[in-house]
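One structure is given here, and the rest of the page talks about it.
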Amino acid sequence: MRRALSVSLALLLSLAVPSVSLAGQEVKVQSVKVDKKTKREFFRALRKGDLEKVKELINSGVPVDIRNKFGQTPLFYAADSDNIELAKFLIERGANIEAKDYYGLTPLHQAVIRGSYRVTKLLIDKGADIEATDNYGYTPLHLAAIYNRVKTAKLLIKKGAKVNAKDSFGNTPLHYCATTKGTYSVAKVLLENGADPNIKNNRGKTPLELANETKNFRISRLIIKYVQKKGGSSS
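So this is what it looks like as structure tokens:
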């Protein structure tokens, strides 16, 4: 499984801190201590999407929330590859949908990063916290903005995600659209759903200022057009 971080460290540092950086049949299984060989076999099956092998090993006692070296549980693998059948099976077996890896990411974060829409929707339908934050304060909507997941952003907002949520650096999802090329569509969705272009981050920067600083003029024009349409002023 390719490890996907919420955003590149370089972007994070330059932007935020320039001075530094069942419903099915219940099956009860007694979990047992997993030896290294079995663990390798299990995670290999997860990477390959071999659902039958995963079922076999979990039925033999492998914990449904066993973790890899990054702290990721099997549900992260389903989220990574949009493997809806694997995700359903794991959740039916009691997988923790709010499990966090060493970066503070949840399976929902991972699904958003990878563009795994089916698993994203499943997790939300099962009650996943849409305002969960990782170690940097990123919510799933922050990541939808960074990775231009338009359909996912619409779903999150429809389910009540806060469009002006701030991360640890005071950045809203719109701040990240301002500094990330190719995010015009999701920026438009954010603005149409109440994103405030005048919010300042911890550096005192608004999305418009950041867009101008990074020469992301398409986003600059979008913000200005939106503000003028609303009859307000942009900072």
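All residue numbers for the sequence shown refer to our numbering, where the first residue is 833 and numbers rise by one.
Ideal Cβ placement from N, Cα and C applies to all residues, glycine included.
With H, G and I counted as helix, E and B as strand and the rest as coil, what does DSSP make of ALA964?
Counting from 1 along the sequence shown, the entry for residue 964 is found at position 132. Of the three classes helix, strand and coil, the one that applies to ALA964 here is coil, per DSSP.
DSSP state of LYS868, grouped into three classes?
Looking up residue 868 in the sequence shown gives position 36. Collapsing the DSSP output to three states places LYS868 in a helix.
Look at the Cβ atom of ARG1050, then the Cβ atom of TYR1008, and state whether they are nearer than 8 Å.
Reading the sequence shown from its first residue, position 218 is the one you call residue 1050. Reading the sequence shown from its first residue, position 176 is the one you call residue 1008. It is not a contact, given that the beta carbons lie outside the stated cut-off.
LEU955 vs ALA927 beta-carbon contact at 8 Å
Along the sequence shown, one-based indexing puts residue 955 at 123. Along the sequence shown, one-based indexing puts residue 927 at 95. Cβ distance not < 8 Å, so LEU955 and ALA927 don't count as in contact.
Using the three-state DSSP reduction, which class does SER948 fall into: helix, strand or coil?
Here the question's residue 948 lines up with position 116 in the sequence shown. SER948 falls in the coil class under three-state DSSP.
Taking the beta carbon of TYR934 as the centre, do at least 16 other beta carbons fall within 10 Å, making it buried, or is it exposed?
Start at 1 with the first residue of the sequence shown, and residue 934 comes out as number 102. By the neighbour-count rule (16 or more Cβ atoms within 10 Å), TYR934 is not buried but exposed.
For the alpha helix (DSSP H) containing VAL982, list its first residue and its last residue.
Residue 982 sits at position 150 when you count from the first residue of the sequence shown. For VAL982, the uninterrupted alpha helix (DSSP H) segment begins and ends at 982 to 990.
Following the continuous alpha helix (DSSP H) through LYS887, name the residue where it begins and the one where it ends.
As a position in the sequence shown, residue 887 is number 55, starting the count at 1. In this chain, the alpha helix (DSSP H) harbouring LYS887 covers 883 to 891.
In chain order, which continuous runs of the alpha helix (DSSP H) of length 4 or greater are located wholly inside the segment 1005 to 1063?
Entirely contained in the segment 1005 to 1063, the alpha helix (DSSP H) runs reaching 4 residues are, in chain order, 1005 to 1011, 1016 to 1024, 1039 to 1045 and 1049 to 1062.
Figure out for me which residue from GLU888, ASN1034, PHE921 and PHE875 has the closest Cα to the Cα of GLY903.
The residue labelled residue 903 in the question sits at position 71 within the sequence shown. Put simply, of GLU888, ASN1034, PHE921 and PHE875 the residue whose alpha carbon is nearest the alpha carbon of GLY903 is PHE875.
For ALA1043 and THR965, I'd like the C-alpha separation in whole angstroms.
The count along the sequence shown starts at 1 and reaches residue 1043 at position 211. The count along the sequence shown starts at 1 and reaches residue 965 at position 133. Using only the alpha carbons, I get a separation of about 24 Å.
Which residues bound the alpha helix (DSSP H) around LYS920?
In the sequence shown, the residue the question calls residue 920 occupies position 88. First-last of the alpha helix (DSSP H) with LYS920: 916 to 924.
Measuring CA to CA, which of LYS991, ILE1056 and VAL1018 is closest to HIS974?
Position 142 of the sequence shown, counted from the start, is the residue given in the question as residue 974. Ranking LYS991, ILE1056 and VAL1018 by Cα distance to HIS974 puts VAL1018 first.
6 Å CB neighbourhood of PRO1005 in its chain, flanking five on each side removed
Residue mapping note: residue 1005 aligns to position 173 of the sequence shown, counting from 1. Excluding sequence neighbours, PRO1005 sits near LEU973, HIS974, ALA977 and LEU1022.
If you follow the alpha helix (DSSP H) that ALA977 is in, where does it begin and where does it stop?
Reading the sequence shown from its first residue, position 145 is the one you call residue 977. Per DSSP, the unbroken alpha helix (DSSP H) holding ALA977 starts and ends at 972 to 978.
Using CA coordinates, which residue listed in SER892, LEU940, VAL995 and ASP882 is at the minimum distance from GLU917?
In the sequence shown, the residue the question calls residue 917 occupies position 85. Here the closest residue by C-alpha is ASP882.
Best match in PRO1039, GLU1045, ASN1048 and THR1046 for proximity to VAL1059 [C-alpha to C-alpha]
By 1-based counting over the sequence shown, the position of residue 1059 is 227. PRO1039 is the residue among PRO1039, GLU1045, ASN1048 and THR1046 whose C-alpha sits nearest the C-alpha of VAL1059.
Thinking just about the alpha-carbon of each residue, which of PHE1001, ARG981, ASP957 and GLU1045 is nearest to the one in GLY947?
Taking the first residue of the sequence shown as position 1, residue 947 is located at position 115. Distances from the alpha-carbon of GLY947 to those of PHE1001, ARG981, ASP957 and GLU1045 put ARG981 closest.
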